[in-house]
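Residue numbers (our numbering): 10 to 187. Glycine included, C-beta positions come from ideal geometry on N, C-alpha and C. Written below as structure tokens is the structure these notes are about.
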């Protein structure tokens, strides 16, 4: 059974989902891949312990208190490669950004490969089921391009601003909404 609860945030409604008291999802309303990979029965349960803890985590985040990812038990649904990428995302500090290419180089090195596709990394980043907490909004394109965010570029910008990222070095690509 998957349990869900809604969190009203300054950037919109976020649907939280848990399984076996671990957080498996946090989707911003309207984002791509909403409830992706969820095949089981879903039931709203606002008193589920992990969902209550996650709401408190978000309260701290939006109050600029910089809560740690380790405060929550996460179990994002995805394959081995995606989980490897999401683990990398969890290491990006508040207020910092990294490029898809930099993550690709790190993973290639760990896997003993000469190189890795930045697009493959981008696909994994885009399918992150635990928005904000696993900070995929901190991943940018080369030369400051704010390409891609499943929740929309405008939300990505807001999240980076909340984290005090200097936005002068970034730009939104022409025609770029997501």
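Query raised in the report: Should residue 27 go down as buried or exposed, given a rule of 16 or more other Cβ atoms within 10 Å for buried?
Result: For the purposes of this step, residue 27 is identified with residue 18 of the chain shown, where counting begins at 1. With 16 or more Cβ atoms within 10 Å of its Cβ, residue 27 is classed as buried.
Quick check: what's the CA-CA separation for residue 64 versus residue 30?
Within the chain shown, the letter at position 55 stands for residue 64. Within the chain shown, the letter at position 21 stands for residue 30. Cα to Cα, residue 64 sits roughly 14 Å from residue 30.
Using DSSP bridges, identify the partner residues of residue 34. For the purposes of this step, residue 34 is identified with residue 25 of the chain shown, where counting begins at 1. Partner(s): 26.
Extent of the continuous beta strand (DSSP E) to which residue 13 belongs
Position 4 of the chain shown, counted from the first residue, corresponds to residue 13. Element bounds for residue 13: 11-18.
Checklist entry - So, using beta-carbon positions, are residue 162 and residue 181 closer together than 8 Å? => result Taking the chain shown and counting its residues from 1, one reaches residue 162 at position 153. Taking the chain shown and counting its residues from 1, one reaches residue 181 at position 172. Yes, the Cβ-Cβ distance between residue 162 and residue 181 is below 8 Å.
Problem - In DSSP terms, what residue 107 is bridged to - result: As a position in the chain shown, residue 107 is number 98, starting the count at 1. DSSP output for residue 107 lists 148 as bridge partner(s).
Which value, in whole angstroms, describes the spacing of the CA atoms of residue 75 and residue 60? Taking the first residue of the chain shown as 1, we reach residue 75 at position 66. Taking the first residue of the chain shown as 1, we reach residue 60 at position 51. Going by the C-alpha atoms only, they are around 18 Å apart.
Practice task
Just list the alpha helix (DSSP H) runs in the region 51-118, keeping only unbroken ones of 4 residues or longer that don't cross its boundaries, in chain order.
Solution key: Taken in chain order, the complete alpha helix (DSSP H) segments of 4 residues or longer contained in the region 51-118 are 58-71, 89-98.
Exercise. What residues match up with residue 180 in a beta bridge as DSSP calls it?
Worked result: The residue labelled residue 180 in the question sits at position 171 within the chain shown. Here residue 180 is bridged, per DSSP, to 154.
| request: With DSSP as the reference, please indicate the residues paired to residue 139 in a beta bridge. | output: Here residue 139 refers to the residue found at position 130 of the chain shown. DSSP lists 35 as the bridge partner or partners of residue 139.
Would you call the region 84-103 and the region 132-140 in contact, with 3 or more CB pairs under 8 Å? With the cut-off at 8 Å, the region 84-103 and the region 132-140 touch.
Among 35, 103, 117, nearest to residue 94 - alpha-carbon criterion
In the chain shown, residue 94 corresponds to position 85, counting from 1. Ranking the options by Cα distance to residue 94, first place goes to 117.
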